[in-house]
Structure formats: C-alpha cells, structure tokens
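A.B. asks:
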Amino acid sequence: MIKVCKFGGTSMANSKAFEQVKDIILSDENRRFIIVSAPGKRDKNDRKITDTLYACYDELVATGAIKENFQFIRDRFHEIVTQLKIDIDIEPILDRTESEIIAQKSAEFTASRGEYLSAIVMAAYLGFEFVDAAEMIRFDSHGRLNAEYTDDKVKTRLKDVKHAVIPGFYGRDYEGKVRTFSRGGSDITGSIIARGVKADLYENWTDVSGFLICDPRIVPEAKPIKQITYKELRELSYMGASVLHPEAIFPVMKGKILINIKNTFKPEDPGTMIVPNDKYELVGNESIITGIAGKKDFTVISIEKSMMNAEVGFIRRVLSVLEHFNLCVEHLPSGIDTLSVVIASEQLKDGVLDDVVNEIRENVSPDYVHVIENISLIATVGHGMSRRVGTSAKLFNALAEAGVNIRMIDQGSSELNIIIGVANSDYQKCISTIYKAFF
Ligand code: ADP
Ligand code: ASP
Ligand code: MG
C-alpha cells in the first residue's frame with residue numbers, strides 16, 4: 246500500500262505544525278511520498294512565504310537587491326530549524342538560494358524557492374530523502390504540464406525510493422528553467438506523484454476537516470462532505486471552492502486514485518473522500534445536492550435577434566468575435582431568440598468590452614445587445630439532482646423568498662449542476678440561502 250501525502254501552507258507554517266506533520270507521517274509507514282507547500286501564515290496578520298517571494302522578485306526588479314523581503318524568509322526558516330533542532334546547516338543553503346534568485350531574475354524561479362526550502366528542511370526533519378520536483382515535472386514551451394513525459398520521469402525517479410519529501414508547485418521546462426503552476430499548485434504536484442507511483446491513496450492535508458458543503462468563510466457552520474465524485478469536485482473547485490486546485494483532479498482521475506482531504510490539526514476527523522463514479526457509495530450524504538461554490542466578477546453579454554435559430558452560422562459568428570479578442574467563455578446559455586455569453590470581467594478591461602460589443606453588432610446585426618456587469622456565478626452541484634424532481638423549484642423558491650434577483654440560469658446538460666448568475670452584492674446571501682434551503 247502506498248500513500249502520497251501533500252501538506253499545505255498552514256500545515257508547514259511553524260515548528261508546531263512541523264511536529265504535527267511528523268506525527269502524522271510516522272504513524273503510518275505507508276505514507277511514503279510527502280509533497281510540501283511553502284510555509285503559509287502563522288496567524289491572520291502574517292505573510293505567506295510565497296507572497297513574500299513574489300515581493301522579493303518585485304524588490305529585485307526595482308532595486309537590484311532582495312534585502313528586506315529575503316530577510317523575512319531567512320528568519321522564518323531559521324526559526325523552524327532552531328526550534329526543532331533540525332540537523333541541517335541552513336545558512337549556506339539560504340545564501341545560495343539568495344544568489345540564485347538574484348542571478349536568475351525570474352519570478353517563477355523566485356516563487357518556487359519557498360517549496361524548495363520547505364522540502365529540504367522537512368526531509369532533514371523526517372530523515373527522508375529530498376527529491377527535487379524539477380527532476381520529474383516537465384512543462385512545455387507554453388508553460389503547460391507535459392503529463393506523459395512527467396509521469397514517466399516520476400515512475401523511474403521514484404522506483405527504488407522508499408521515503409521522500411518532494412517540493413510542490415514547480416517543475417522545469419525543456420530549457421531547464423524552473424516553472425511554476427498557478428497559485429495553490431502544490432495540490433497538482435501531489436496528484437502527479439500519486440499517479441506516477443500508482444498510489445492507493447492521495448491524502449491532501451490542509452487546515453479544514455474536508456471539503457465543506459460551502460465556503461466556511463460564508464457559512465461558518467457548513468459541514469464536511471463525506472464523499473464526492475471526481476466530477477462533482479471538479480465543478481466545485483473550478484467554481485471557486487479553493488480547497489483543492491481545480492487542475493489537481495486530472496492526474497488522479499487518470500490513475501483512478503482516491504483522494505482524502507484531511508485536517509492536519511484534527512487528524513482523527515475522517516475528512517472527505519473523493520472517488521470515481523463507480524466507487525461512490527451512499528455514506529450518509531442524505532441531501533440531493535453535494536456542495537455549493539461561487540466566483541465573483543463576470544460580465545454577461547446578451548444578444549437578442551428574432552429567428553436567430555434559423556440563421557445558419559449565427560453562434561459561430563458570435564464566437565469568432567470572442568476568438569478574435571482571445572477571450573475564454575465561461576458559459577453560453579441560450580434561448581429561442583437570445584444567446585448570452587458569460588466572460589470573466591478581468592478579460593474585458595481597458596475598453597475591450599466596448600470593442601467586443603461593437604464587433605458583435607457588426608458581425609451578426611442583432612436586434613439588441615445588452616451588457617450586465619458585476620455578476621457572480623454560483624454553482625449548486627450534486628449528481629443526485631437529475632433523479633429528483635423539484636430541485637430547481639426548491640432552489641429558485643428559496644432565492645425568491647430571500648429577495649435574491651437571478652440574472653441568469655444555466656443548467657448543464659450533465660444535470661450535475663445548476664449555475665445561476667446574481668449581482669456581486671448578492672453573492673454571500675445567495676450561497677447562504679441555498680445552503681439553508683437544502684441543509
Ligand atoms: P492549503 O494551504 O492547505 O493548500 P488552502 O488555503 O489552499 O489550504 O485551502 C483550504 C482553505 O480553503 C480553507 O481554510 C477554507 O478557508 C477554504 N475553502 C473555500 N471553500 C471551501 C470549502 N468548500 N470547503 C473547505 N474549505 C474551503
Ligand atoms: N505556495 C504556493 C502558493 O501559495 C503553492 C501552494 O501552496 O500550493 O500558491
Ligand atoms: Mg491550497
């Protein structure tokens with residue numbers, strides 16, 4: 246039996262957390278491959294190591310040196326090594342890291358050093374081998390993961406390794422330059438390693454007791470989901486439930502490896518099991534819906550034209566405008582004479598929105614184009630929804646009673662979710678109302 250364990254930033258934040266992590270790992274000898282994040286915040290007002298490294302890079306670009314910010318990083322690692330009396334000479338490692346950051350002058354390299362140092366220190370603390378992720382994880386020239394090459398490398402590099410600590414978040418491109426995943430990417434590293442070593446279980450250790458039905462910052466009493474399918478998880482994490490990086494699901498899905506989200510600070514809690522469809526059992530998820538998640542700041546462009554359905558190539562012409570502006574479309578709900586495109590507002594800044602609307606007008610001669618900004622998308626997800634009559638009615642009634650105005654509806658044909666658009670100002674109210682209606 247092989248377990249791959251990833252520990253997030255809070256689990257690496259200070260010497261106390263390091264001790265918890267060690268207890269967890271040593272209590273089960275199957276926990277062989279350990280992926281670590283950079284130390285996160287020790288308390289609300291603290292700074293994450295990764296944020297500080299990005300600040301180092303900015304300082305380097307602005308002043309040619311990394312004095313103040315790098316001192317903070319030195320102090321944090323010193324504190325952990327000293328308090329735990331770890332047998333490692335950290336000073337020369339920090340000196341070398343500082344010189345490399347200055348020499349390379351790369352934001353991604355700089356950011357990656359949090360995980361690098363974290364893994365070196367944790368490996369020394371556990372007495373495990375340190376294996377650098379850069380030896381295994383390969384990015385292509387566009388900065389995307391080369392999954393098959395990486396999988397081969399993981400297999401060969403870890404074949405004869407009994408126990409290892411591996412830094413999360415980064416790999417190397419074909420030129421040998423260090424590249425990082427997007428923020429929160431250590432979850433992806435854990436998933437890649439789990440697939441490569443054919444783990445029986447990928448344990449993702451964080452600071453909450455599993456994937457909660459919705460964001461605990463909005464509904465503090467939200468309970469953990471006991472079991473959830475890969476697809477449901479993908480919908481929820483993509484829609485903003487930040488516990489697990491949305492891309493972390495793919496490698497484990499390929500290997501059909503179960504994920505268990507666990508709490509480092511309450512290791513006895515069962516957490517959430519993430520499983521393939523065919524392994525899903527009813528384990529007391531009595532509700533029709535599994536979870537709720539949402540993202541803010543979208544723009545809806547609604548295009549109206551009588552008989553648009555009879556016009557060959559109408560949708561293609563709309564989409565070609567979006568392609569011309571290099572825009573990713575989030576959703577595309579349509580009616581008989583209307584088509585809406587939902588786009589992250591971030592992409593439409595600096596006059597792009599006006600240009601897009603004008604080009605749509607020119608390209609498809611609509612009767613009417615209407616733009617709604619500051620929209621939040623909220624997904625209610627559950628694979629049981631399709632089999633139950635009245636789920637949408639219950640949801641919409643509850644929102645009507647709470648006075649939440651629904652600006653857009655998109656029920657995916659998979660019947661795994663119902664996505665609605667509401668004003669940003671209704672975001673929290675909408676999520677807590679849906680939670681109350683179903684739980
Ligand atoms: P780590 O540093 O361990 O990777 P993250 O901060 O990335 O941890 O993810 C855990 C955090 O995600 C929780 O502390 C919580 O605030 C937030 N979160 C958002 N949505 C959810 C949810 N549905 N369930 C659990 N946690 C959530
Ligand atoms: N340390 C990185 C971040 O803060 C990656 C991670 O924690 O997963 O985004
Ligand atoms: Mg995370």
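Here my numbering = 1-based position in the sequence shown + 245.
In this text, a Cβ means the ideal position worked out from N, Cα and C, and glycines have one as well.
Using the rule of at least 16 other Cβ atoms within 10 Å of the residue's Cβ for burial, across every protein chain shown, is Lys248 buried or exposed?
C.D. replies: Residue 248 sits at position 3 when you count from the first residue of the sequence shown. By the 10 Å Cβ count, Lys248 comes out buried.
A.B. asks: Just list the residues that DSSP pairs Met653 with in beta bridges.
C.D. replies: If you number the sequence shown from 1, residue 653 lands on position 408. According to DSSP, which records beta bridges pairwise, Met653 is partnered with Gly666.
A.B. asks: For Tyr419, count neighbouring Cβ atoms within 10 angstroms of its own Cβ and tell me buried if that reaches 16, exposed if not.
C.D. replies: As a position in the sequence shown, residue 419 is number 174, starting the count at 1. So Tyr419 ends up on the exposed side.
A.B. asks: Measure the alpha-carbon distance for Ala352 versus Lys293 and round it to whole angstroms.
C.D. replies: Position 107 of the sequence shown, counted from the first residue, corresponds to residue 352. Position 48 of the sequence shown, counted from the first residue, corresponds to residue 293. Straight-line Cα distance between these residues: approximately 16 Å.
A.B. asks: If distances are taken between C-alpha atoms only, which option among Thr583, His576, Phe559 and Ala392 comes closest to Glu607?
C.D. replies: By 1-based counting over the sequence shown, the position of residue 607 is 362. Among Thr583, His576, Phe559 and Ala392, the Cα nearest to that of Glu607 belongs to Phe559.
A.B. asks: In this structure, does DSSP put Ser363 in helix, strand or coil?
C.D. replies: Stepping through the sequence shown from its first residue, residue 363 is reached at position 118. Three-state DSSP puts Ser363 in a helix.
A.B. asks: Do you know how far the Cα of Ile651 is from the Cα of Phe684?
C.D. replies: Stepping through the sequence shown from its first residue, residue 684 is reached at position 439. Stepping through the sequence shown from its first residue, residue 651 is reached at position 406. Going from the Cα of Phe684 to the Cα of Ile651 covers about 21 Å.
A.B. asks: At a cut-off of 6 Å, is Gly627 close to ligand 3 when judged by its beta-carbon and the heavy atoms of the ligand?
C.D. replies: Within the sequence shown, the letter at position 382 stands for residue 627. Checking every heavy atom of ligand 3 against the Cβ of Gly627, none is found closer than 6 Å.
A.B. asks: Ligand 2 and Ser282: does the residue's C-beta get closer than 6 Å to at least one heavy atom of that ligand?
C.D. replies: In the sequence shown, the residue the question calls residue 282 occupies position 37. Ser282 Cβ: within cutoff of ligand 2.
A.B. asks: Among Asp599, Leu329 and Asp655, which one has its Cα closest to the Cα of Leu567?
C.D. replies: For the purposes of this step, residue 567 is identified with residue 322 of the sequence shown, where counting begins at 1. Nearest C-alpha to Leu567: Asp599.
A.B. asks: When every heavy atom of ligand 4 is checked, does at least one fall within less than 6 Å of the C-beta of Gly429?
C.D. replies: As far as ligands go, the structure on display features ligand 1, ligand 2 and ligand 3 and does not contain ligand 4.
A.B. asks: When you compare each of Ile581, Val366, Ser621 and Phe414 to Glu575 by their alpha carbons, which one comes out closest?
C.D. replies: Position 330 of the sequence shown, counting from 1, holds the residue named residue 575. With distances taken between Cα atoms, Glu575 lies closest to Ser621.
A.B. asks: Report the residue ranges of all alpha helix (DSSP H) runs contained in full by the region 549-588; include only those spanning at least 4 residues, in chain order.
C.D. replies: As far as the region 549-588 is concerned, its whole alpha helix (DSSP H) runs of at least 4 residues are 559-569.
A.B. asks: Between Ile297 and ligand 1, is there a pair consisting of the residue's CB and a ligand heavy atom that are separated by less than 6 Å?
C.D. replies: Locating residue 297 in the sequence shown gives position 52, counting from the first residue. The question names Ile, yet the displayed sequence has Thr at residue 297. The answer is no for Thr297.
A.B. asks: Is the region 441-450 in contact with the region 619-638, if contact means three or more CB pairs nearer than 8 Å?
C.D. replies: The answer is no - the region 619-638 does not touch the region 441-450, with fewer than three Cβ pairs under 8 Å.
A.B. asks: If you scan the region 389-432 from start to end, which runs of the alpha helix (DSSP H) of 4 or more residues do you find wholly inside it?
C.D. replies: Entirely contained in the region 389-432, the alpha helix (DSSP H) runs reaching 4 residues are, in chain order, 392-403.
A.B. asks: Could you tell me whether the region 589-603 touches the region 531-544, where touching means 3 or more Cβ pairs closer than 8 Å?
C.D. replies: Yes, the region 589-603 touches the region 531-544.
A.B. asks: By the three-class DSSP mapping on this structure, what secondary structure does Thr625 have?
C.D. replies: Walking along the sequence shown from the start, residue 625 turns up at place 380. Thr625: strand per DSSP, three-state reduction.
A.B. asks: Taking 6 Å as the limit between beta carbons, can you name the residues of its chain near Asp432, skipping five residues before and five after?
C.D. replies: Counting from one through the sequence shown, the residue named residue 432 turns up at place 187. These residues qualify, in order along the chain: Leu489, His490 and Ala493.
A.B. asks: State the beta-bridge partners of Leu457 as determined by DSSP.
C.D. replies: If you number the sequence shown from 1, residue 457 lands on position 212. Leu457 is bridged to Pro469.
A.B. asks: So Glu660 is in the beta strand (DSSP E); what residue range does that whole segment cover?
C.D. replies: In the sequence shown, the residue the question calls residue 660 occupies position 415. Segment: none, Glu660 is in no beta strand (DSSP E) and carries neither H nor E.
A.B. asks: So, at 6 Å on beta carbons, what are the nonlocal neighbours of Val266 in its own chain, with the 5 sequence-adjacent residues on each side left out?
C.D. replies: Along the sequence shown, read from residue 1 onward, the residue named residue 266 stands at position 21. So the qualifying residues of the chain are Phe252 and Ser256.
A.B. asks: Which residues in the same chain have their Cβ closer than 6 Å to the Cβ of Tyr223, if we skip the five residues on either side of it in sequence?
C.D. replies: Outside the displayed range of the chain (246 to 684) lies residue 223, so it cannot be described from this structure.
A.B. asks: Between the alpha carbons of Thr401 and Gly413, how many angstroms are there, rounded?
C.D. replies: Taking the sequence shown and counting its residues from 1, the one referred to as residue 401 is at position 156. Taking the sequence shown and counting its residues from 1, the one referred to as residue 413 is at position 168. Going from the Cα of Thr401 to the Cα of Gly413 covers about 19 Å.
A.B. asks: Mark Leu271 as exposed unless 16 or more other C-beta atoms lie within 10 angstroms of its C-beta, in which case mark it buried.
C.D. replies: As a first step, residue 271 must be located in the sequence shown, where it is residue number 26. Leu271 comes out exposed.
A.B. asks: Out of Ser454, Phe384, Glu393 and Ile654, which one is the CA nearest neighbour of Leu230?
C.D. replies: Here the chain covers residues 246 to 684 and nothing more, so residue 230 does not appear.
A.B. asks: Can you give the Cα-Cα distance for Phe375 and Thr355, rounded to whole angstroms?
C.D. replies: Here residue 375 refers to the residue found at position 130 when the sequence shown is read from its first residue. Here residue 355 refers to the residue found at position 110 when the sequence shown is read from its first residue. If you take the alpha carbons of Phe375 and Thr355, they lie about 19 Å apart.
A.B. asks: Give the secondary structure of Glu336 by DSSP, where H, G and I count as helix, E and B as strand, and everything else as coil.
C.D. replies: In the sequence shown, the residue the question calls residue 336 occupies position 91. DSSP places Glu336 in helix when its eight states are reduced to three.
A.B. asks: Got a sec: does ligand 1 put a non-hydrogen atom nearer than 6 Å to the Cβ of Asp291?
C.D. replies: Translated into the one-based positions of the sequence shown, residue 291 becomes position 46. No, the beta carbon of Asp291 sits no closer than 6 Å to any heavy atom of ligand 1.
A.B. asks: Can you determine whether any heavy atom of ligand 1 sits closer than 6 Å to the C-beta of Ser487, and answer yes or no?
C.D. replies: Numbered from 1 along the sequence shown, position 242 holds the residue referred to as residue 487. Indeed, a heavy atom of ligand 1 lies less than 6 Å from the Cβ.
A.B. asks: Using DSSP bridges, identify the partner residues of Asn505.
C.D. replies: Locating residue 505 in the sequence shown gives position 260, where the first residue counts as 1. According to DSSP, which records beta bridges pairwise, Asn505 is partnered with Glu448 and Met518.
A.B. asks: Ignore the nearest five residues each way along the sequence and tell me which others in Leu584's own chain have a CB closer than 6 Å to its CB.
C.D. replies: Start at 1 with the first residue of the sequence shown, and residue 584 comes out as number 339. Only Ile548 meet the Cβ criterion.
A.B. asks: Within its chain, find whatever has a CB closer than 8 Å to the CB of Gln673; leave out the 5 residues flanking it on each side and keep chain order.
C.D. replies: By one-based count along the sequence shown, residue 673 stands at place 428. These residues qualify, in order along the chain: Ile463.
A.B. asks: Given a cut-off of 7 Å, decide if Ile458 and Gly536 are closer than it, judged by their beta-carbon atoms.
C.D. replies: Within the sequence shown, numbered from 1, the residue matching residue 536 stands at position 291. Within the sequence shown, numbered from 1, the residue matching residue 458 stands at position 213. The answer is yes: Cβ separation under 7 Å.
A.B. asks: Look at the alpha carbon of Cys250 and the alpha carbon of Ile411, and state the distance between them as a whole number of angstroms.
C.D. replies: The residue you call residue 250 lines up with position 5 of the sequence shown. The residue you call residue 411 lines up with position 166 of the sequence shown. For Cys250 and Ile411, the distance between alpha carbons rounds to 10 Å.
A.B. asks: If you count every other CB in all the chains shown that lies within 10 Å of the CB of Ser670, and 16 or more means buried, which is it?
C.D. replies: On the sequence shown, position 425 is the one that residue 670 refers to. Ser670 comes out exposed.
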